[in-house]
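First to last, the protein sequences are chains A and B.
Going by the working numbering, the final residue of the first sequence carries number 133, and the count climbs one at a time with no gaps.
Going by the working numbering, the final residue of the second sequence carries number 133, and the count climbs one at a time with no gaps.
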Amino acid sequence: GESVGLHLPTLSVQEGDNSIINCAYSNSASDYFIWYKQESGKGPQFIIDIRSNMDKRQGQRVTVLLNKTVKHLSLQIAATQPGDSAVYFCANREGGSEKLVFGKGTKLTVNP
Amino acid sequence: NAGVTQTPKFQVLKTGQSMTLQCAQDMNHEYMSWYRQDPGMGLRLIHYSVGAGITDQGEVPNGYNVSRSTTEDFPLRLLSAAPSQTSVYFCASSYDSGNEQFFGPGTRLTVL
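Structure below.
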């Protein structure tokens, strides 16, 4: 069955450092991957997505890397700021399915 | 645009009571979905819809019903509430399942 999980449940970084949040998935037929940020008491907020025909995609201060060989997804945040403190979720969609499967999340804490 | 709206924000039910969680979007999105989020967990898909008149089950559909009579609305019904349904419920919408989902602010439900 489909599973999406994270290697680390918590991550603490210093302000200005780069952050890397990792995610593993199990289904090689997954065709769409997405990262969300969730602040306390709020709904998830889209960060960036990537399709399976790409290895890398960049946004503003964020980069998503997809390694299909080892079924691994990562989110890189450059120059991490206190406002980046939140829980980050990865999710993916199995090819041919209409369902997104979410991981359990990584809590990122940015220390000033 | 209001985006995705959910009502109520908070609700307390007694075991066995029924209620409907409302969700509406004004972005003309075809795809809508309901998730529940339990403490320390990611989001789990309850039901989803790829368009008006079409619904399907997600990972955890038991105890919940949905309907999609219009593009805008996607209510979630609890027929006989149970304490195990205590959770935060999020509604989301998107153009389709392979695009960014916009989440509502959530409904915090407690079943006593």
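Cβ atoms here follow ideal geometry from the backbone N, Cα and C, with glycine treated the same way.
Within the DSSP secondary-structure output, GLN79/A pairs in a beta bridge with THR84/A. For GLN106/B, no beta strand (DSSP E) encloses it, and the DSSP letter there is neither H nor E.
At the C-beta level, GLN58/B and HIS68/B stay beyond 7 Å of one another. Excluding five sequence positions before and after ASP76/A, the CB atoms of its chain that fall closer than 6 Å to its own CB belong to LEU87, given in chain order. Counting along the chain, TYR56/B sits inside the beta strand (DSSP E) bounded by residues 52-58. Considered as a whole, the stretch 67-98 of chain B harbours 75-78, 85-87 as its complete beta strand (DSSP E) runs of no fewer than 3 residues, in chain order.
In the displayed model, ASP38/A falls within coil according to three-state DSSP, outside both helix and strand.
In its chain, beyond the 5 residues on either side, GLU115, GLY116 have a beta carbon closer than 6 Å to the beta carbon of ALA50/A.
Membership of TYR57/A in the beta strand (DSSP E) is indicated by the continuous run 51-59.
Proximity of SER118/B to chain A, defined by a Cβ-Cβ separation below 7 Å, is satisfied.
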